[in-house]
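The letter at position 419 of the sequence shown is residue 1062 when you use this note's numbering, and the numbering goes up by one with no holes. Backbone N, C-alpha and C define an ideal beta-carbon position, used for all residues, glycine too. Here's the structure we're looking at; comments come further down.
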Amino acid sequence: MSFFNWRKLNFFDILRDVDKGEISKNLGEGTITCTTSGRGNVIFGDSNGQVWLYNRHWESTCVGGWEAGPVEQLVLPRLSNHLFGLGCEAGVRCIKVWDLEKDCAQVRVSRPTPGQGGPPTESVMLAVNENLQLMAIAFENGTVLLQRGDVTKEKGLKNKVLIEKGETVSGLHFIVTSSAILLYVATLHDVVLFYVGVKDKETKVCIDTLGCEPGLAVATTNFDDAHLITGQKDALYFYNPEGRGQCYVLDGRKKILNWSRGYLAVAIADGSNKDSVTIFDVQNKIICFSAPVKSLISICAEWGTVLLISADGKIIQLVEKDLQSKLQILFKKNFYDVAIKLARSQNLGKEGLVDIFRQYGDHLYEKGDHSGAIDQYEKTIGCLEPSYVIRKYLDTQKIHNLTAYLQALHRKGEATEDHTTLLLNCYTKLKDNKNLDAFIMTKDREVDFDVDIAIRVCRQAGFLKHALALAEKHSKHDLYLKIQIDDNQEKNIDYKEALRYINQLPPDQCEHQMKLYGSILIQREPVETTSILKKLSEQPESHPELFIPFFIKSGRQMLDYLEHVVATSRKPASPHIWNTMLEYNLDVYKSAGDNREAKRKAETKIMDLLTADRSNYDTEQALVLCRLNNFPPGFLYIYQKCGLHEEILKFHFQAANYEDGILTCRRFGGQNPNLWVSALQSIAASGADVPQNYFKEVLDNIEKHRLLSPLLVVTTLSSCPTATLGVIREYLVRTLQSEDQAITEDKVKIEEYRRESDKLRKIIHALKTEAVVFQSTKCSACDQTLDLPSVHFLCYHGYHQHCFQALADNEQECPKCSEENKKILDIIKAQDAARYQHDQFHAQLEKAEDGFSIVAEYFGRGLFAAPPNFGGSASGDGGGGNGSNSMSTKSATIRQMQPGYNNKPTNSGAATMVSEARLRAEERSYGSVQTDSEARLRLAAAPATGGMTQLESEGRLRSGAGSNKPYQGVSEGRMRSENTRESSTVGAGVDLEARLRSTQPSQIIQPQSDARLRMAEGNRNQPFETGSLTSNISRSTPQHRQYGGGSPRLQRQAAAKSPSPRPVPSKDKVSPLNPFGSPASSESLDENNPFAEKSAGLQVSGGQNPFGSPKPSPKNVPNVGDGGGANPFGDEGDDYDDELNPFA
644 MSFFNWRKLN FFDILRDVDK GEISKNLGEG TITCTTSGRG NVIFGDSNGQ VWLYNRHWES
704 TCVGGWEAGP VEQLVLPRLS NHLFGLGCEA GVRCIKVWDL EKDCAQVRVS RPTPGQGGPP
764 TESVMLAVNE NLQLMAIAFE NGTVLLQRGD VTKEKGLKNK VLIEKGETVS GLHFIVTSSA
824 ILLYVATLHD VVLFYVGVKD KETKVCIDTL GCEPGLAVAT TNFDDAHLIT GQKDALYFYN
884 PEGRGQCYVL DGRKKILNWS RGYLAVAIAD GSNKDSVTIF DVQNKIICFS APVKSLISIC
944 AEWGTVLLIS ADGKIIQLVE KDLQSKLQIL FKKNFYDVAI KLARSQNLGK EGLVDIFRQY
1004 GDHLYEKGDH SGAIDQYEKT IGCLEPSYVI RKYLDTQKIH NLTAYLQALH RKGEATEDHT
1064 TLLLNCYTKL KDNKNLDAFI MTKDREVDFD VDIAIRVCRQ AGFLKHALAL AEKHSKHDLY
1124 LKIQIDDNQE KNIDYKEALR YINQLPPDQC EHQMKLYGSI LIQREPVETT SILKKLSEQP
1184 ESHPELFIPF FIKSGRQMLD YLEHVVATSR KPASPHIWNT MLEYNLDVYK SAGDNREAKR
1244 KAETKIMDLL TADRSNYDTE QALVLCRLNN FPPGFLYIYQ KCGLHEEILK FHFQAANYED
1304 GILTCRRFGG QNPNLWVSAL QSIAASGADV PQNYFKEVLD NIEKHRLLSP LLVVTTLSSC
1364 PTATLGVIRE YLVRTLQSED QAITEDKVKI EEYRRESDKL RKIIHALKTE AVVFQSTKCS
1424 ACDQTLDLPS VHFLCYHGYH QHCFQALADN EQECPKCSEE NKKILDIIKA QDAARYQHDQ
1484 FHAQLEKAED GFSIVAEYFG RGLFAAPPNF GGSASGDGGG GNGSNSMSTK SATIRQMQPG
1544 YNNKPTNSGA ATMVSEARLR AEERSYGSVQ TDSEARLRLA AAPATGGMTQ LESEGRLRSG
1604 AGSNKPYQGV SEGRMRSENT RESSTVGAGV DLEARLRSTQ PSQIIQPQSD ARLRMAEGNR
1664 NQPFETGSLT SNISRSTPQH RQYGGGSPRL QRQAAAKSPS PRPVPSKDKV SPLNPFGSPA
1724 SSESLDENNP FAEKSAGLQV SGGQNPFGSP KPSPKNVPNV GDGGGANPFG DEGDDYDDEL
1784 NPFA
């Protein structure tokens, strides 16, 4: 093959004197001996032994070199920063290595030798692999040495001789492939390939016996067809691992070969001091540049340019044109095929290639090569609008080319409905049935068109056979049947063929098509259509009820189909099927007329259908159908099945069939006793002469089941002319006797309940007013003798303390009685919950025949009574026998009195007495029923004459306990006043409660004061703080803050004024007589004292009662002390506050 057949173009621009004399200046009198390039630098070696680096701006850097010897070869591996050089120094050739990234530091200097023995020889050529792990060195005697290891260092290298003494080596090059590392060695007479990828397994292959001169062997990159190119006088030879490849004839003595970026640059000696340089694009077969130049020493490429270097340092730079400029040159010369190759080799985008194809097609079209143009236009499908091409070929003469283009559109899936229509029209115009059949009846390849569009076009064009064939082949069932049934209306339609096609479809598709065309097919071919529908009904996922409308005009086929469905269905048939089958059977029964035999058969069939175990008809619809068709056996059976016994009774009595009506009552009266009432009403309303025995039987059952009151019975029969007094005489007598007996029994029960209620009231009164003496001597749990400490309950059960703690879930309940008490409380609470179910009460009242009994029942539940108070307990805790709620707090007191329960006996041996306020506070904290105050107990104990029985108050009891003084009949206030004076003079007497508490021994638990207890009642969620009283009573709870405190008076005071907090008085400043401070001072009247009054009408002075100014008592109470006869807690006037009285 010759290069002269290639197109000659100029893709390079020439730039001269680009270095501006910098190279000549550095060379001086020397000359360039070798060159290389890479990493953005052009590197020159000169005859003076210097190595120069030039960057893009031709700025030079000298990296040293050899002394007194020229540089013979420079190698810079691709993607490496190490420069390898071979030069002569003092007559000896040595290899030097520089690291360009470390200021061109020299990292290796060595003189390689081929091995031991033999005469010494010098190295003449080297090659380095890209990974810097392999280096090949050629010597003067033809020896080739391979070094393994880090070739940038002299140590650690492994040497192996590949060739021992041979021809002079003219080229060494490493080529790295995806599977191997190759070393090409070119000599003067042959080309040898070594596989050096595996250590100690190097293999040698001689691929050609034709060598080359030194420097005329060059390695390629990114070119799969050849790895090595050698130059001979007559041609250029390409080599790969398989051997010699292509050979291009090129006459002339080759001087330099260079490969860069797919371009092969060749310098041919042309006379004295002149060379001819040619650059080939080998892949695209283009001569990109050709020109004569001065004699060259080297050609190298860098910065995207080609550098032509002469020995005297002159540089000619060839700058490659950009791709668009190249394409424009090719377009001007109509080299579109070359432009396409060039664009593909330089990875031009798809849009750019399409534009070239379009221009190429337009060029061929203008030349008249319509077929060639179509070939190019086909390559533009997907990017170029098809209408651009189609408009060019709408002439009749070009219809073949248009057909080819449209076929290509369909093959690539870019055709639209219009394109398919146009293609089919082309086939019809050409009468090309062969191509039309080939286009439609595609068997051996996938379809390249839209089948639905092709079928539609064929239908519109009248090619029904083609459309049917295409639809059947591609399983377009809807289109096939539409063509077969709808489009063939003017012709003889073969409905059996349509049924055959439907019958061979899958069940789901068959069902779908029968939904569409079943109504037409059942009229034309009823037998065959019914057969297909029967077959469909046998499928597990079938829906047979959907095809019922098709049989509306064919009753016989309908029954045949429905009976087959019911008989063969694997799952229960739907109610719709049963209802339809019943309806058509009733129609047969009705149409039988006077034919008794036909009616009898129809009746039997209908009753079998109604009474079948697997029947699934809708009862209401079946009842309507039987009534409409006047089929008594059917609707009487359904009445009975649905429990509509009154309807059966009504039917018999309307037909004056009293005997069957009474039989109905006898049969179903046990299930529905009201049938007897309906029978009585029907007999009374009919006014017919009913046999007396029927009257008697009806009345006996009404009396037996208590269905009506005697008054209603008499009222009902009063309108019946045939009912006489003798008919109901016996009934009335028996009724009056039974009611008299019931009244007597009720009186006995009422008396019994009255006695029990009185007994319970006495027990409750005793528990409230009398002390309970616990006399149990044995533990109710272990049945052992009781010893202290023990726990007693008002239910008279006693326990050892350890037994009680082991058994009790709640320390406020008796373990034995808790379960029963919980049941009682649950019943009471359930009744209380029912009190608020007003809707239920009204609903029952409306439905009840005897509304008075419902009202009486709700009266018994306490509907109109005040709700019981369970102390906020949700589960009924605190019950322990009769009155155990009250006893729960008292039992705690008893345990405090027992030894070993965190207390010890006092010095006097008497148990510590607990105030009533403390008991009441503990009762409230445990959710127990509130115990009446002392004042209320006194009032309850007053005689009927209106007088007041004098009971000893807590103060008198304590006074008597402390001083052993007899009761003197004076008030508690006077006693306290006298005790105070005695205490001040003698130092003995009865102290106030506060002083008593302050002087109690430390072994006894000190009960809290009434004020503290009242504070606990308002703020139970927060425990008392130890410390001063004011720190406890001044804390406000969230409820207190929300509602403004406890009493209305405190709320008014809080709203009127919010005084600033006052300091709490120290203990030494508080009067010993009043734990809240001296009444005469203002320190006890601040907001921290819950008994302080700040209203304008109350002035507190020394000696006055801090609870307010009292009014004269309406009762004759003796004067006590300095109180002037006033009640120390005030009277029930404006100044009296019940919440401040701890005994209220």
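The three-state reading of DSSP puts N802 in strand, counting E and B together. Contact between G874 and V909 is confirmed by a C-beta separation of about 7 Å, below the 8 Å threshold. Closest by C-alpha distance to W709, out of D689, T1063, A1114, V661, is D689. Between the region 675-687 and the region 942-956 there are three or more inter-stretch CB-CB distances shorter than 8 Å, so the stretches are counted as touching. Taking C-beta atoms as the reference points, A779 and L826 count as a pair closer than 7 Å.
Per the Cβ contact rule, the region 1444-1462 is in contact with the region 1416-1433 (3 or more Cβ pairs under 8 Å). The beta carbon of P1215 is closer than 6 Å to those of N1259 in its chain, skipping five residues each way along the sequence.
An exposed status is given to V1376, since fewer than 16 other beta-carbon atoms sit within 10 Å of its beta-carbon. In the same chain as Y1280, and ignoring 5 residues on each side of it, the C-beta atoms closer than 8 Å to its own belong to M1250, L1253, T1254, in chain order. Nearest to D1130 by alpha-carbon distance, out of C1153, H1155, C1101, M1157, is C1101. Of all alpha-carbon atoms in P1364, V1320, T1358, S1329, the one lying nearest the alpha-carbon of N1344 is that of V1320.
Classified as exposed, G1286 has fewer than 16 neighbouring CB atoms from the shown chains inside 10 Å of its CB. Taken atom to atom, the span from the alpha-carbon of T1172 to that of Y1232 is near 27 Å. As a beta-bridge residue in DSSP terms, S680 pairs with V685. With 16 or more other Cβ atoms inside 10 Å of its own Cβ, L815 counts as buried.
By a beta-carbon distance limit of 8 Å, L871 does not contact V839. Their separation comes to about 15 Å. In chain order, I1291 place their CB closer than 7 Å to the CB of Q1283, counting only its own chain and leaving out the 5 sequence neighbours on each side.
Taking a 10 Å sphere around the C-beta of T1378, we find 16 or more other C-beta atoms and assign the residue as buried. Under DSSP, D1493 forms no beta bridge with any residue. In the three-state reduction of the DSSP assignment, V839 falls in the coil class, being assigned neither a helical nor a strand state.
Apart from the 5 residues on each side of it in sequence, L961 sits with its Cβ closer than 8 Å to the Cβ of F655, D656, I657, L658, I922, F932, T948, V949, L950, L951 in its chain, given in chain order. Exposed is the label assigned to V841, since fewer than 16 other Cβ atoms lie within 10 Å of its Cβ. The three-state reading of DSSP puts A860 in strand, counting E and B together.
Under the three-pair Cβ rule at 8 Å, the region 1109-1119 counts as touching the region 1071-1084. For L777, the enclosing beta strand (DSSP E) begins and ends at 777-782.
C-alpha of G1011 to C-alpha of I999: approximately 18 Å in a straight line. Per DSSP, L1007 is one residue of the alpha helix (DSSP H) stretching across 993-1010. Assignment of beta-bridge partners to W741 by DSSP yields L726, Q749.
The three-state secondary structure of E810, taken from DSSP, is coil. By the Cβ-count criterion, Q1418 is exposed, with fewer than 16 other Cβ atoms from all chains shown falling within 10 Å of its own Cβ. Short of 7 Å from the beta carbon of I929, and not among the five residues preceding or following it, lie these beta carbons of its own chain, in chain order: W649, R650, L652, V981. Here K1392 is exposed, its C-beta having fewer than 16 other C-beta atoms within 10 Å.
In chain order, P935, K937, S938 place their CB closer than 7 Å to the CB of K917, counting only its own chain and leaving out the 5 sequence neighbours on each side.
One Cα belongs to V1370, the other to C1269, and the distance between them is close to 39 Å. Below 8 Å, too few C-beta pairs join the region 1354-1363 and the region 1387-1404 to call them touching: fewer than three. For the region 1149-1194, the full-length alpha helix (DSSP H) segments reaching 4 residues or more read 1150-1167, 1169-1180 along the chain.
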